[in-house]
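K.L.:
Dropping the structure in here first, questions after.
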Amino acid sequence: MSVPRTVAVRARKVRVLVMDVDGVLTDGRMVLSERGDELKSFHSRDGVAVALAKRGGLRTAFVTGEKSTVAQARADKLGVDAVVLGARRKGEVLEDLCAQFGLPLEASAYVGDDLLDVPALQRAGLAIAVADAAPEVIEIAHIVTRARGGQGALRECVEVILRAQGAWTATVEAYVTEHGGRPRRTRGERR
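Structure below.
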């Protein structure tokens, strides 16, 4: 995905990637069982994206307006650095997270999809909207993903940031090698 120069400049400064859960990591639907248990569907590529972000040197955080045990479980599984459940003032939460990590707001990227995300997007150094975000979110975003929420949008975000920082190829190769693959060979190199 090619990005405007202004987005690349912002992405180079990012040290913490903060994301909403419902509508960003999921398609936004909330399924309840007969017993009231909440079910959510996450895309595996977004899980790998969190691993790549961490390997690329980024801190990660989930910020959701819901008090969801499912979101907490997903964050725990992925090793997310911080999770804020029941967040109703996400702009202030983003400020607090940056302070916690010792970072200025310009070192943050925030990924959102709906109105509750607007205050955080307004403060973030890099504001990212998923493709199916509310028009008010798209209007203030620095970049909009091609993928919809829950369909690999986070993977796009991580790639944009790490490519801008010159870390994408090395991060991917280290990840593949760690999981039993061989480093990519360049053109003209013999096998």
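Heads up: the sequence shown at position 173 corresponds to 181 in my numbering, and the numbers run straight through without jumps.
Just so it is clear, CB atoms sit at the ideal spot from N, CA and C, and this is done for glycine as well.
(1) At which residues does the beta strand (DSSP E) containing A69 begin and terminate?
(2) Nearest-angstrom Cα distance between T177 and R163?
(3) Give me the Cα-Cα distance between A95 and D28, rounded to the nearest whole angstrom.
(4) Please name the residue in S52, Q80, R23 whose C-alpha comes closest to that of R63.
(5) Helix, strand or coil: which one does DSSP assign to A115?
(6) What does a CB cutoff of less than 6 Å around A141 pick up in its chain, not counting 5 residues either side in sequence?
(7) By Cβ distance, which residues of its chain are closer than 8 Å to E144, with the 5 residues on each side in sequence left out?
(8) In the DSSP output, which residue or residues are listed as bridge partners for I151?
(9) Please determine, among Q130, A175, V91, the residue with the shortest C-alpha to C-alpha distance to E74.
(10) Roughly how many angstroms lie between the CA atoms of V56 and T34, to the nearest whole one?
(11) Specify the secondary structure class of E46 as computed by DSSP and reduced to three states.
(12) What residue range does the beta strand (DSSP E) around V78 cover?
(13) DSSP state of L93, grouped into three classes?
(14) If you reduce the DSSP assignment to three classes, tell me which class G120 lands in.
(15) Does V11 come out as helix, strand or coil in the three-state DSSP assignment?
P.N.:
With the given structure in hand:
(1) 67 to 71
(2) 14 Å
(3) Cα to Cα, A95 sits roughly 10 Å from D28.
(4) R23
(5) helix
(6) Here A141 has D121 as same chain residues with Cβ atoms under 6 Å from its own Cβ, once five neighbours each way along the sequence are excluded.
(7) L123, V126
(8) I136, per the DSSP bridge assignment.
(9) V91
(10) T34 has its alpha-carbon roughly 15 Å from the corresponding atom of V56.
(11) E46 falls in the strand class under three-state DSSP.
(12) Unbroken run through V78 is the alpha helix (DSSP H), 77 to 86; no beta strand (DSSP E).
(13) coil
(14) strand
(15) coil
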